[in-house]
Amino acid sequence: MDVEQFRKAGYQAIDRICDYYYSLQNRPVTSNVEPGYLRQHIPSTPPEKGEDFQVIADDYQKFIVPGLTHWQHPSFFAYYPTACTFEGMIADLYASSTCNPGFNWTSSPACTELEAITMDWACQLLGLSPDFMNSSGVGGGAIQNTASDSALIAVVAARALYQRDHPGVKMEDLVIYTTTQTHSLGLKAGLVLGLTVRALDVKAEDRFALRGETLRLAWQEDEERGKKPFILIATVGTTSSGAIDNLPEIQQIVRNHPSLWIHVDAAWAGSALSCPEYRERCHLSTINELAHSFCTNFHKWGLVNFDLSTLWVRDRKHLTEALDVTPPFLRTTHGDAGTVIDYRNWHLALGRRFRSLKLWFVLRSFGAEGFRRYIRKTISLNQQFADFIAESDLLSLVTPPSLALSVFRLEPKPKSPDKPLLSLESLNNLNKLFYGRISARNDILLTQTVLNGVHCIRFAVGAARTEASHIKQACELLHKEAELTLEAWEHTTLEDAK
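Here the working numbering = 1-based position in the sequence shown + 1186.
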């Protein structure tokens, strides 16, 4: 493909992407294909001779698009949102057009310097302490792939620091603290590094947040057993329920254990810190005093196209001392002088993409005001959904709504005062049936979870194109499915009774 052929193909691609977004609302949210569908259309071996690019582009429309789940659909309420803005798309295109591995300053100065600047922008947007800014010369931030990578890197740095300060400690005695609601990233870090992970229990009455007393008792037990907890992965906005760990209480306990690294995973909810009115709820002041590292994903609720996970550390040397491997062929004059950041020492890989370009384009296009407007809008839409659940005689909230997330279940109110309430087992079975009906539809997508034995359903708002009309439509659909589920359940119960 020469330059002019690329120009023509590029125009067509943009036109087709625009047509896709014009039609998005009228598409099903989920794909109707069956497993293995693509092998029926794509040969099992690569072509021997190059094919006409127009045929390839048309095959994308014919075979790939039908197999997509449309995360940007206004009726996508599953998992958490995946940001996808036109500004981010254009930035990705520019980044791809000048691709370089970006492993040190010399490999492409703009890549390193823009990342350092935009990470400081994001730090200020979220209200994080200046201690976390690259311009501080002590702390700093770097863009990672995902929150799982960020957590793994934090664990590596925390382990190296602990072993340096406590020489002779056996690896098998080291313990990673998470909670029973922490994302699987905690367990994965343990698996990758061969370390023990202890998940601390949380309670429904505490909104599934980790309490200080729970941490204190766990520490006491581990100390008596000769175990060495060295990092706690605390969460601001857990995946299942949006729980926010009680960081002020944790801070009180940690004062007696200064060797415990606190990594705050705010992969989803961190974007809410851009709005001053949510900072107290998310314990921002405590984060700024307590956290050794902090992570949030701008590719979730932050308008930046996947992937762009932001990780900040209070002291960058803990990362670089743990991860710096510099063979002669990677040494540079500026690197040896310490006058530049070599981001390869801030994560596990050597090469890295020019992702800061996406963050730069998005923050400049939306501005802090536009960013906050989007966050407030999605929280408001979720509140509309939560209000509907609260007024329903069939559905109920399992835990109070958290920012743009609500967790609910089918829990019909007794038709008469003398009728007994359904047992937990019956309610769980009822909700499995309810979720089965919802997940069989292709015009809406939600996900299920289990909170301390309670089977329930998550409703996460965040798609940029979701409006109040889509919330209303979702409420009506869920009410209808709840009625049909209950009818089927009562019919089955009646038949069993016979």
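Glycine included, every Cβ here is placed at the ideal spot set by N, Cα and C.
This structure is a prediction, so every number in the text was calculated from the model and none was measured.
Task: Counted within 10 angstroms of its Cβ, other Cβ atoms place Glu-1234 as buried (16 or more) or exposed - done: Residue 1234 sits at position 48 when you count from the first residue of the sequence shown. With fewer than 16 other Cβ atoms within 10 Å, it is exposed.
Open item on the list: Can you confirm whether Leu-1613, when its beta carbon is compared against all beta carbons of chain D, has any partner nearer than 9 Å?
Closed with: Absent here is chain D; the protein component of the structure consists of one chain.
Task: Whether His-1485 touches Trp-1447 by CB criterion (9 Å) - done: Taking the first residue of the sequence shown as 1, we reach residue 1485 at position 299. Taking the first residue of the sequence shown as 1, we reach residue 1447 at position 261. For His-1485 and Trp-1447, no; Cβs fall outside 9 Å.
Open item on the list: By the DSSP assignment, the alpha helix (DSSP H) with Gly-1376 in it spans what residues?
Closed with: The count along the sequence shown starts at 1 and reaches residue 1376 at position 190. Annotation for Gly-1376: the continuous alpha helix (DSSP H) segment containing it runs 1371-1379.
Open item on the list: Would the stretch 1239-1255 count as touching the stretch 1448-1462 if we require 3 or more Cβ pairs under 8 Å?
Closed with: The stretch 1239-1255, when compared against the stretch 1448-1462, does not touch it at the 8 Å Cβ threshold.
TODO: Please confirm whether Gly-1639 and Leu-1610 have their CB atoms less than 9 Å apart.
DONE: Taking the sequence shown and counting its residues from 1, one reaches residue 1639 at position 453. Taking the sequence shown and counting its residues from 1, one reaches residue 1610 at position 424. Pairing Gly-1639 with Leu-1610 gives a Cβ-Cβ distance under 9 Å.
Open item on the list: With a threshold of 7 Å on Cβ separation, who are the neighbours of Gly-1412 within its own chain once the five nearest residues in sequence on each side are excluded?
Closed with: On the sequence shown, position 226 is the one that residue 1412 refers to. Excluding sequence neighbours, Gly-1412 sits near Asp-1359.
Open item on the list: DSSP has Val-1422 in a bridge; who is on the other side?
Closed with: Reading the sequence shown from its first residue, position 236 is the one you call residue 1422. The partner list for Val-1422 (beta bridge, DSSP) reads Ile-1430.
TODO: Rounded to whole angstroms, what's the CA-CA distance from Pro-1606 to Asp-1573? Just pull it up for me.
DONE: Indexing the sequence shown from 1 puts residue 1606 at position 420. Indexing the sequence shown from 1 puts residue 1573 at position 387. Between Pro-1606 and Asp-1573, the C-alpha separation is close to 26 Å.
Task: Own chain residues within Cβ distance below 7 Å of Thr-1400, not counting five before or after - done: As a first step, residue 1400 is located in the sequence shown; it is residue number 214 there, counting from the start. Beyond the five residues adjoining it in sequence on each side, Thr-1400 comes within less than 7 Å, by CB distance, of Leu-1386 and Asp-1387 in the same chain, given in chain order.
TODO: Mind listing, in chain order, the continuous alpha helix (DSSP H) runs of no fewer than 4 residues lying wholly within the stretch 1506-1554?
DONE: Runs of the alpha helix (DSSP H) inside the stretch 1506-1554: 1519-1523.
Open item on the list: DSSP has Ala-1328 in a bridge; who is on the other side?
Closed with: To locate residue 1328, count along the sequence shown from 1; it is residue 142. Paired residue(s): Leu-1497.
Task: Cβ neighbours of Gln-1437 in the same chain (closer than 6 Å, five flanking residues each side left out) - done: If you number the sequence shown from 1, residue 1437 lands on position 251. Leaving aside the five residues that flank Gln-1437 on each side, the residues in its chain whose CB is nearer than 6 Å to its CB run, in chain order, Thr-1472 and Leu-1476.
Open item on the list: Suppose you measure from the CA of Arg-1627 to the CA of His-1259; what does that come to, to the nearest Å?
Closed with: Translated into the one-based positions of the sequence shown, residue 1627 becomes position 441. Translated into the one-based positions of the sequence shown, residue 1259 becomes position 73. Approximately 14 Å between the Cα atoms of the pair.
Open item on the list: Does Thr-1240 pass the burial test, meaning 16 or more other C-beta atoms within 10 Å, or should it be called exposed?
Closed with: Sequence index remark: in the sequence shown, residue 1240 carries index 54 (1-based). The sequence shown places Gln at residue 1240, rather than the Thr named in the question. Answer is exposed; the Cβ neighbour count stays below 16.
TODO: Verify whether the separation of the beta carbon atoms of Arg-1530 and Asn-1290 is less than 9 Å.
DONE: Taking the first residue of the sequence shown as 1, we reach residue 1530 at position 344. Taking the first residue of the sequence shown as 1, we reach residue 1290 at position 104. Against a cut-off of 9 Å, the Cβ pair of Asn-1290 and Arg-1530 comes out as a contact.
Task: Spatial neighbours of Ala-1646 in its chain, beta-carbon cut-off 6 Å, leaving aside the 5 residues before and after - done: As a position in the sequence shown, residue 1646 is number 460, starting the count at 1. Closer than 6 Å at the Cβ level, and outside the excluded window around Ala-1646, lie Phe-1263, Tyr-1266 and Leu-1591.
- [ ] Can you say whether Val-1251 is buried or exposed, counting buried as having 16 or more other CB atoms within 10 angstroms of its CB?
- [x] Reading the sequence shown from its first residue, position 65 is the one you call residue 1251. Burial call: exposed.
Open item on the list: Between Arg-1502 and Val-1324, how many whole angstroms is the CB-CB distance? I'm expecting something under 8 Å.
Closed with: Position 316 of the sequence shown, counted from the first residue, corresponds to residue 1502. Position 138 of the sequence shown, counted from the first residue, corresponds to residue 1324. Your pair Arg-1502 and Val-1324 checks out as a contact, with CB atoms roughly 7 Å apart and the cut at 8 Å.
- [ ] Would you check if the distance between the CB atom of Asn-1320 and the CB atom of Gly-1326 is smaller than 9 Å?
- [x] Walking along the sequence shown from the start, residue 1320 turns up at place 134. Walking along the sequence shown from the start, residue 1326 turns up at place 140. Taking 9 Å as the Cβ cut-off, Asn-1320 and Gly-1326 qualify as a contacting pair.
TODO: Can you give me the Cβ contacts of Arg-1345 inside the same chain, cut-off strictly under 8 Å, excluding the 5 residues immediately before and after it?
DONE: Indexing the sequence shown from 1 puts residue 1345 at position 159. Counting only residues of its own chain and dropping the five nearest sequence neighbours on each side, Arg-1345 has a CB closer than 8 Å to the CB of Leu-1360, Leu-1379, Leu-1381, Phe-1416, Ile-1417 and Ala-1508.
Open item on the list: If you reduce the DSSP assignment to three classes, tell me which class Arg-1345 lands in.
Closed with: As a working note, residue 1345 is residue 159 in the sequence shown. DSSP places Arg-1345 in helix when its eight states are reduced to three.
TODO: Specify, as a first and last residue, the run of the beta strand (DSSP E) that Gln-1634 falls within.
DONE: Taking the first residue of the sequence shown as position 1, residue 1634 is located at position 448. It spans 1633-1637 - the beta strand (DSSP E) in which Gln-1634 sits, taken as one unbroken run.
Task: Run of the beta strand (DSSP E) containing Phe-1645, from where it starts to where it stops - done: Locating residue 1645 in the sequence shown gives position 459, where the first residue counts as 1. Note, Phe-1645: beta strand (DSSP E), 1640-1646.
TODO: Reducing DSSP to helix, strand and coil, say where Ile-1362 ends up.
DONE: Counting from 1 along the sequence shown, the entry for residue 1362 is found at position 176. Looking at Ile-1362 - three-state DSSP - the assignment turns out to be strand.
Open item on the list: Give me, in chain order, the residues of the same chain whose beta-carbon lies closer than 6 Å to that of Ala-1404; leave out the 5 immediate sequence neighbours on both sides.
Closed with: Sequence index remark: in the sequence shown, residue 1404 carries index 218 (1-based). Here the set comprises Leu-1386.
Task: Three-pair Cβ contact test at 8 Å for the stretch 1390-1399 versus the stretch 1350-1357 - done: They do not touch, by the three-pair rule.
Task: Asp-1629 versus Ser-1217, Asp-1205, Tyr-1208 and Glu-1190, residue with shortest Cα-Cα distance - done: Residue 1629 sits at position 443 when you count from the first residue of the sequence shown. Of the residues Ser-1217, Asp-1205, Tyr-1208 and Glu-1190, the one whose Cα lies closest to the Cα of Asp-1629 is Ser-1217.
Task: Through-space distance from Ile-1527 to Gly-1521, alpha-carbon basis - done: Here residue 1521 refers to the residue found at position 335 of the sequence shown. Here residue 1527 refers to the residue found at position 341 of the sequence shown. C-alpha separation (whole angstroms): 7 Å.
- [ ] Assuming Leu-1494 contacts Ile-1362 (C-beta within less than 8 Å), just tell me the rounded distance between them.
- [x] In the sequence shown, counting from the first residue as 1, residue 1494 sits at position 308. In the sequence shown, counting from the first residue as 1, residue 1362 sits at position 176. Actually they are not in contact, since the Cβ atoms of Leu-1494 and Ile-1362 sit about 25 Å apart, beyond 8 Å.
TODO: Grab me the residues of Thr-1671's own chain with a C-beta within less than 8 Å of its C-beta, minus the 5 sequence neighbours each way, in chain order.
DONE: In the sequence shown, the residue the question calls residue 1671 occupies position 485. Apart from the 5 residues on each side of it in sequence, Thr-1671 sits with its Cβ closer than 8 Å to the Cβ of Leu-1596, Leu-1616, Leu-1619, Phe-1620 and Arg-1623 in its chain, given in chain order.
- [ ] Out of Leu-1580, Phe-1547, Lys-1544 and Leu-1505, point me to the one whose CA is closest to Tyr-1348's CA.
- [x] Residue 1348 sits at position 162 when you count from the first residue of the sequence shown. Nearest C-alpha to Tyr-1348: Leu-1505.
Open item on the list: Just to confirm the assignment, what range does the beta strand (DSSP E) spanning His-1449 have?
Closed with: In the sequence shown, residue 1449 corresponds to position 263, counting from 1. Unbroken beta strand (DSSP E) run through His-1449: 1447-1451.
Open item on the list: Taking the alpha carbon of Gln-1211 as the reference point, which residue from His-1256, Trp-1532, Gln-1191 and Gln-1226 has its own alpha carbon closest?
Closed with: Here the question's residue 1211 lines up with position 25 in the sequence shown. If we check each option's Cα against that of Gln-1211, His-1256 comes out closest.
TODO: Report the rounded CA-to-CA distance for Asn-1483 versus Pro-1232, giving the unit in angstroms.
DONE: Position 297 of the sequence shown, counting from 1, holds the residue named residue 1483. Position 46 of the sequence shown, counting from 1, holds the residue named residue 1232. Whole-angstrom Cα-Cα distance: 36 Å.
- [ ] Please list, in chain order, all residues of the same chain as Val-1215 whose beta carbon is under 8 Å from its beta carbon, the five residues on each side excluded.
- [x] Here the question's residue 1215 lines up with position 29 in the sequence shown. Within its own chain, the residues whose Cβ lies closer than 8 Å to the Cβ of Val-1215, once the five positions on either side in sequence are excluded, are Thr-1255, His-1256, His-1259, Ser-1261, Phe-1262, Asn-1628, Asp-1629, Ile-1630 and Leu-1631, listed in chain order.
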